[in-house]
Amino acid sequence: MDFNQSFACAEQPSLNTELPQSGIGALDLFDCVELFAGCGAMALGLARAEFAHTCMVEFNPQACRTLRDNFVSETRLNQPSILERDVRGIDWTSFLGTSLVAGGPPCQPFSNGGLSAGEHDTRDMWPEAIRAVREIQPKAFVFENVKGLLRKSFSDYLRSIVTSLERGGDVDPGAVMRYEVVVIPVNAADFGAAQMRERVLIAGVRRDVGQLTSFPRPTHSLQRLVWDKWCTGEYWKRHGLERPHLATMSRAERAALRGVLRSSVEPMGLPWQTCRDVFAGLGEPGASNCMQGHEWRGVAKQYPGHAGSTWDLPAKALKAGVHGVPGGENMVVNNDGSGRYFTVREACRLQGLPDNFLPSGSWSQAMRQLGNAVPAQIAEVAGRWLANTLRGECSSQ
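Start counting the sequence shown at 45; every next residue gets the next number (our numbering).
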């Protein structure tokens, strides 16, 4: 098992403002099947990386409606099939040889906020992800889950997941290792999402296809953000604001700034994106001319341990909110110290979704979908990384 923490240079993830419209008929696109598709954020990121979905499988009816609203239309070529089904009842053999299998198995069994029952939780769907790989034998795969999967208490189970995937899902202990598999911890903020969302990717490529390179190195950093805010003031100038007093800095910013000053070297790369950066142009929620999905939701109560995100840092990780959001994750703190809930449009931007993307249902239903989503930037970076390997296969033939 390779816990890949080395990095190679990465191109800046795209900031597309429109949903991709290309179909799989183009010669430079790779086909993809996605399990646990949710509202489609991973699919959108993979589409930006030149993967075209033939099939998306999702159990939740509201999320399936979102998929149909945003990925199925008369103008799209070779539209994906949206299967509103339990993955446990699907025969994957008809997708044999697909370029990529992707998905985010339910994270509740491994979440710090859950029961932490792991493989003993009935919601654990890693066996189904492994079965999909066994029956499809894709050229590559990528699965996403919570950082909690890396906890010591789950180490044996994680090792068994990786070993099963290395064997291509073959249950025979003596089976040939058909896939190279890596486990990659990521923080969405390091790749351009305005959100502190720590996750883990488990990715693999078939050994007869090619060899994985190191996962792309982060493109954004807190060090660059504190440089732009507290050394040059460029951040405040860009937003037309006066530089605040140093006392307003967060503890993390203070530590990063000390390191920057000690090195006396301007940090390379791009700054972490903040709420203020990605909410630019939206205006006040509920204004008469506000964008769809940017309706006022209401005042949010704050108390110790339940404070919202601040405007000038990446947001806290959005949560699905099935059992509430005890850390104030789905709210923002105004300049006067009061709190309000994120609008659906703001939450979409935090997940890297374009302004023509709208989850279906009420605010709570939409936020539940977005809280479960994979930031599109992470999916795009992982997709481009895997596509480069697949192109290597094509160019060698």
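Just so it is clear, CB atoms sit at the ideal spot from N, CA and C, and this is done for glycine as well.
Buried or exposed (CB count within 10 angstroms, at least 16 for buried), residue i
i      : result
Trp170 : buried
Asn333 : exposed
Val116 : exposed
Arg389 : buried
Arg298 : exposed
Arg222 : buried
Lys363 : buried
Gln413 : buried
Ala417 : buried
Pro150 : buried
Enclosing beta strand (DSSP E) for residue i [first to last residue]
i      : result
Cys108 : Looking at the DSSP string, Cys108 is not in any beta strand (DSSP E); the run it does join, the alpha helix (DSSP H), is 105–115.
Ile228 : 223–231
Ser125 : 125–127
Glu278 : Here Glu278 belongs to no beta strand (DSSP E); instead the alpha helix (DSSP H) covers 278–282.
Met100 : 95–101
Val186 : 184–190
Backbone secondary structure at residue i - three-state DSSP
i      : result
Gln239 : strand
Leu430 : helix
Cys76  : strand
Met411 : helix
Glu310 : coil
Phe139 : helix
Arg384 : strand
Pro149 : coil
Trp316 : coil
Val25  : Here the chain comprises residues numbered 45 to 441, so residue 25 is not present and cannot be evaluated.
Gly396 : coil
Ser406 : coil
Lys360 : strand
Whether residue i touches residue j by CB criterion (9 Å)
i      : j      : result
Thr110 : Pro403 : yes
Gln239 : Ala107 : no
Phe139 : Ile180 : yes
Ala344 : Gly337 : no
Trp316 : Leu269 : yes
Phe515 : Gly147 : The requested residue 515 does not occur in the structure, where the chain is confined to residues 45 to 441.
Gln421 : Gly381 : no
Leu314 : Arg393 : no
Glu172 : Val244 : no
Ala300 : Gln346 : no
Asp356 : Lys281 : no
Lys183 : Thr142 : yes
Ser376 : Phe386 : Before going further, note that residue 376 is Val rather than Ser in the sequence given. Going by C-beta atoms, Val376 is nearer than 9 Å to Phe386.
Gly89  : Ala410 : no
Pick from the options that is closest to residue i, judged by C-alpha positions
i      : options                        : result
Trp429 : Leu144, Gly82, Thr137          : Leu144
Glu210 : Val230, Ala247, Ile228         : Ala247
Gln123 : Ala91, Arg306, Arg435, Ala359  : Ala91
Leu305 : Val215, Thr276, Arg287, Arg320 : Thr276
Ser307 : Trp271, Leu290, Gln152         : Trp271
For residue i, the first and last residue of its enclosing alpha helix (DSSP H)
i      : result
Ala300 : 295–307
Ala442 : Nothing in the structure corresponds to residue 442, since the chain is present only between 45 and 441.
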